[in-house]
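Chains as they are written, first to last, in the numbering used here: chain A, 1 to 463; chain B, 1001 to 1223.
Reading through the structure tokens given below for one structure.
As structure tokens, then:
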């Protein structure tokens, strides 16, 4: 999952929510449970305190009698953690009574630690009792005896605190386990929800890649209602893009037809007339022809900018052009060889590849003595200006006279024609260079092994 | 030699007719696809110049239909659409050559000559037969290096015979290839021109093969 993704954002938000809410919920539940547990424990101690007082007060007018009528075995077992104690206050003599479980030890008293009584005159405190056990003690001052023998006693009952603490610890551990499980479950569900929810988007992503690579023409498939408008808009955009390009091409074609026939008439008419006016007309018509050709080429190229997702198989294009050239140059009896593995595909318009291969092969045929070869192959790395990735390398060689070393050394600049003044004559390579540049490709001329010209094109390869 | 021009632009059509007639060809003109198709289908042309953007029937379709009915005369496509896809479509439809508009008339004439030569099996632009030499570029005939003065009809007849030398050419074939469509085919002008030619070149070179036609042979051949 990439950090800059919708899935990551959704997951992090959900995870943060779970991480905050679950501990808070846990804390609330635990607090409530602890309150209940402690209250129950205190109620139990209070109950024993009441029983001890009433039992000790029952038969004696001169002082407390040992309570023994309550049937709670915990007070009988030595160091059980449950104790009671009745002790005279104010330094007065009198019996100090203790439960058997105290085994003669004394209880620490809240009154001795300056703990104030509550509204029921009971003091509460947690202490370390006999046998180093932590105990919770409730103490109440009670007057036993009547008349002169009336005397204040401290009556205390202790309960084993670890009983509550163990209970709370067990509950806390179970609560944490349950909440952790719930948290993991929630995160898993969230993850599934995100994957399931965003699955149509990843399908859109794949479809877009297919469009870009030319395997699909539009965004297909049944998509959820939320992204259906996006699909419709995108398809409309692709269609409109295609239509604009087609329209521009048609206009360019029509313009070519509309201008070139009258130009042909003008040129032919003027050339048949020796007058100065006719000469001028012929000269200007020739200039117009050059300009028309130049700007028609440019317009065609401009119409291609922004066209996406076109893939062209190289071999059929090469074959059809060679077939045409074999007819045009049949008198020269040129042997054409075509070396291009099936499945080698150019990432771009068929018409552009036709234009590039057509110009290169036509030029090679014009100059070749007997042989013209076309080699096309995929290469990895070594693209134009050191660009990496997969490229298509096309080489057209002939065994003609080739270029002079100066011409080879001269770079073919974009938009500049080697044959600027004569349309249809000269090398016709600048259109190839312009097109290659449009595709971020490369075009260069070298001397071929056969002695003639070798034209090399590097173009994007469709994978 | 007979040429058909199928071009809807009247001015260009007129210019082509004029230039080809001046070059010594018998020229028929059509201004739309249907008319062009009909003429090409019924008349024996040596070369056809066919525009691709034609009214009524597209030039490429005209060409395809000719080829389907085995009309195999050389066809030069003339078009303003000069992309390679258009060229390939034209050549695949059965064209023999391709000229993009605007063109120089001389270039078109050279292409027409090349197609004529190719069709009659000659590789060079000049054709020789005994002492006679036909320069198709300049439309001139020389005998032993000396130019012969010929009228346009005489030139057409001799040029056709030289293109097909050593072959018997019937009178009908000559009429069909040397005259425009509306020529009166029953007239005896062929005989008249053969007679005139025999006075300008060694008379034995054009032999009359009774019941079959004429044959141009190198001087001194038997039969």
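Glycine included, every Cβ here is placed at the ideal spot set by N, Cα and C.
As assigned by DSSP and simplified to three states, the class of residue 1065 of chain B:
Against the second chain, residue 1065 of chain B aligns to sequence position 65. Three-state result, residue 1065 of chain B: helix.
Which runs of the beta strand (DSSP E) fall wholly inside the region 1023–1057 of chain B and span at least 3 residues, in chain order?
Within the region 1023–1057 of chain B, the complete beta strand (DSSP E) runs of at least 3 residues are 1026–1030 and 1047–1051.
Show which residues of chain B have a CB atom less than 7 Å away from the CB atom of residue 257 of chain A.
On the first chain, position 257 is the one that residue 257 of chain A refers to. Those within 7 Å of residue 257 of chain A in chain B are 1053, 1080 and 1081.
Note down, in chain order, each residue of its chain lying with its Cβ closer than 7 Å to the Cβ of residue 1021 of chain B, except the 5 sequence neighbours on either side.
Position 21 of the second chain, counted from the first residue, corresponds to residue 1021 of chain B. Answer for residue 1021 of chain B: 1027, listed in chain order.
What residues in its chain sit with their C-beta under 7 Å from that of residue 167 of chain A, if we drop five residues either side in the sequence?
For the purposes of this step, residue 167 of chain A is taken as the residue at position 167 of the first chain. Excluding residues within five positions, the ones whose Cβ falls inside 7 Å are 37.
Chain B beta carbons: is any one of them nearer than 8 Å to that of residue 459 of chain A?
Residue 459 of chain A sits at position 459 when you count from the first residue of the first chain. Not closer than 8 Å to any Cβ of chain B, the Cβ of residue 459 of chain A fails to qualify, so no.
DSSP state of residue 267 of chain A, grouped into three classes?
Numbered from its first residue, the first chain carries residue 267 of chain A at position 267. Residue 267 of chain A sits in a helix when the DSSP states are folded into three classes.
In the DSSP output, which residue or residues are listed as bridge partners for residue 341 of chain A?
Counted from its first residue, the first chain places residue 341 of chain A at position 341. Answer is none; residue 341 of chain A lacks a bridge partner.
Can you give the Cα-Cα distance for residue 422 of chain A and residue 1172 of chain B, rounded to whole angstroms?
Translated into the one-based positions of the first chain, residue 422 of chain A becomes position 422. Translated into the one-based positions of the second chain, residue 1172 of chain B becomes position 172. Note that residue 422 of chain A scores 35 on pLDDT, short of 50, meaning its location in the model is unreliable and no value can be drawn from it.
If you follow the alpha helix (DSSP H) that residue 1199 of chain B is in, where does it begin and where does it stop?
Counted from its first residue, the second chain places residue 1199 of chain B at position 199. It spans 1189–1200 - the alpha helix (DSSP H) in which residue 1199 of chain B sits, taken as one unbroken run.
Could you compute how far the alpha carbon of residue 51 of chain A sits from the alpha carbon of residue 159 of chain A?
Locating residue 51 of chain A in the first chain gives position 51, where the first residue counts as 1. Locating residue 159 of chain A in the first chain gives position 159, where the first residue counts as 1. Using only the alpha carbons, I get a separation of about 14 Å.
Determine which residues of the region 1003–1031 of chain B have a Cβ less than 7 Å from any Cβ of chain E, and write them out in chain order.
Checking the listed chains, one finds no chain E in this structure; the protein chains it contains are A and B.
Note down, in chain order, every chain A residue with its Cβ under 7 Å from the Cβ of residue 1236 of chain B.
The question about residue 1236 of chain B has no answer here: the residues shown for chain B are numbered 1001 through 1223.
Short Cβ contact (8 Å threshold) for residue 1099 of chain B with residue 1075 of chain B
On the second chain, residue 1099 of chain B is found 99 positions in, with the first residue counted as 1. On the second chain, residue 1075 of chain B is found 75 positions in, with the first residue counted as 1. Going by C-beta atoms, residue 1099 of chain B is not nearer than 8 Å to residue 1075 of chain B.
Relative to the C-alpha of residue 261 of chain A, which residue among B/1060, B/1103, B/1091 and B/1035 is closest?
In the first chain, residue 261 of chain A corresponds to position 261, counting from 1. For the set B/1060, B/1103, B/1091 and B/1035, the Cα lying nearest the Cα of residue 261 of chain A is the one of B/1103.
Under 8 Å, Cβ to Cβ, is there at least one residue of chain B near residue 463 of chain A?
Along the first chain, read from residue 1 onward, the residue named residue 463 of chain A stands at position 463. So, not an interface residue.
Distance, Cα to Cα, residue 311 of chain A vs residue 317 of chain A?
Within the first chain, numbered from 1, the residue matching residue 311 of chain A stands at position 311. Within the first chain, numbered from 1, the residue matching residue 317 of chain A stands at position 317. Using only the alpha carbons, I get a separation of about 12 Å.
Helix or strand or just coil, what does DSSP make of residue 210 of chain A?
Walking along the first chain from the start, residue 210 of chain A turns up at place 210. In this structure, residue 210 of chain A counts as helix in the three-state DSSP scheme.
Please identify the residue among A/12, A/462 and A/432 whose C-alpha is closest to the C-alpha of residue 187 of chain A.
To locate residue 187 of chain A, count along the first chain from 1; it is residue 187. For the options A/12, A/462 and A/432, the alpha carbon positioned closest to that of residue 187 of chain A is the one of A/12.
Straight-line Cα distance separating residue 1138 of chain B from residue 1203 of chain B
The residue labelled residue 1203 of chain B in the question sits at position 203 within the second chain. The residue labelled residue 1138 of chain B in the question sits at position 138 within the second chain. Looking at the two C-alpha atoms, the distance is approximately 24 Å.
In three-state terms, what does DSSP make of residue 30 of chain A?
Position 30 of the first chain, counted from the first residue, corresponds to residue 30 of chain A. Three-state result, residue 30 of chain A: helix.
CA-CA distance, residue 1169 of chain B and residue 1002 of chain B?
For this step, residue 1169 of chain B is matched to residue 169 along the second chain. For this step, residue 1002 of chain B is matched to residue 2 along the second chain. Computed Cα separation, rounded: 15 Å.
Could you tell me the alpha carbon to alpha carbon distance between residue 130 of chain A and residue 181 of chain A, rounded to whole angstroms?
Against the first chain, residue 130 of chain A aligns to sequence position 130. Against the first chain, residue 181 of chain A aligns to sequence position 181. Each residue's alpha carbon lies about 41 Å from the other.
Proximity below 8 Å, CB of residue 161 of chain A to CB of residue 135 of chain A
The residue you call residue 161 of chain A lines up with position 161 of the first chain. The residue you call residue 135 of chain A lines up with position 135 of the first chain. Yes.
For residue 420 of chain A, name the three-state secondary structure that DSSP assigns.
Taking the first residue of the first chain as position 1, residue 420 of chain A is located at position 420. In this prediction, residue 420 of chain A scores a pLDDT of 40, lower than 50, which makes its location untrustworthy; the coordinate-derived value is nonetheless stated afterwards. Looking at residue 420 of chain A - three-state DSSP - the assignment turns out to be coil, as it is neither helix nor strand.
For residue 1076 of chain B, which residues does DSSP report across the bridge?
For the purposes of this step, residue 1076 of chain B is taken as residue 76 along the second chain, with counting starting at 1. The beta-bridge partner set that DSSP reports for residue 1076 of chain B consists of B/1049 and B/1097.
Using 10 angstroms around the beta-carbon of residue 1147 of chain B, count the other beta-carbons present and answer buried if the total reaches 16, otherwise exposed.
Numbered from its first residue, the second chain carries residue 1147 of chain B at position 147. Flag for residue 1147 of chain B reads exposed.
Just to confirm the assignment, what range does the alpha helix (DSSP H) spanning residue 1087 of chain B have?
Walking along the second chain from the start, residue 1087 of chain B turns up at place 87. Annotation: the continuous alpha helix (DSSP H) that includes residue 1087 of chain B extends over 1084–1092.
Assuming residue 154 of chain A and residue 89 of chain A are in contact, meaning their beta carbons sit under 8 Å apart, how far apart are those beta carbons, in whole angstroms?
Translated into the one-based positions of the first chain, residue 154 of chain A becomes position 154. Translated into the one-based positions of the first chain, residue 89 of chain A becomes position 89. Approximately 5 Å separates the beta-carbon atoms of residue 154 of chain A and residue 89 of chain A; this is inside 8 Å, confirming the contact.
Could you tell me which residues DSSP pairs with residue 1149 of chain B in its beta bridges?
The count along the second chain starts at 1 and reaches residue 1149 of chain B at position 149. Listed as beta-bridge partners of residue 1149 of chain B by DSSP are no residues whatsoever.
Would you please verify whether the beta carbon of residue 426 of chain A is less than 8 Å from any beta carbon of chain B?
Numbered from 1 along the first chain, position 426 holds the residue referred to as residue 426 of chain A. Confidence in residue 426 of chain A is poor, its pLDDT being 43 and thus under 50, which makes the residue's placement too unreliable to answer from.
With a cut-off of 8 Å on the beta carbons, I'd call residue 1036 of chain B and residue 1017 of chain B a contact; round off their distance for me.
For the purposes of this step, residue 1036 of chain B is taken as the residue at position 36 of the second chain. For the purposes of this step, residue 1017 of chain B is taken as the residue at position 17 of the second chain. That belief does not hold up - the Cβ atoms of residue 1036 of chain B and residue 1017 of chain B are roughly 14 Å apart, past 8 Å.
Starting from residue 1208 of chain B, trace the alpha helix (DSSP H) in both directions and tell me its first and last residue.
Start at 1 with the first residue of the second chain, and residue 1208 of chain B comes out as number 208. Secondary structure note for residue 1208 of chain B: it is in no alpha helix (DSSP H), and the uninterrupted beta strand (DSSP E) holding it is 1206–1209.
Residues in its own chain within less than 6 Å of residue 1222 of chain B by CB, not counting five upstream and five downstream?
The residue labelled residue 1222 of chain B in the question sits at position 222 within the second chain. No answer about residue 1222 of chain B holds up, because its pLDDT of 47 lies below 50 and its placement is not dependable.
State the Cα-Cα distance for the pair residue 105 of chain A and residue 91 of chain A, rounded to the nearest angstrom.
Position 105 of the first chain, counted from the first residue, corresponds to residue 105 of chain A. Position 91 of the first chain, counted from the first residue, corresponds to residue 91 of chain A. As the crow flies, the alpha-carbon of residue 105 of chain A is around 19 Å from that of residue 91 of chain A.
Per DSSP, which one or two residues make a beta bridge with residue 139 of chain A?
Indexing the first chain from 1 puts residue 139 of chain A at position 139. Its beta-bridge partners are A/123 and A/156.
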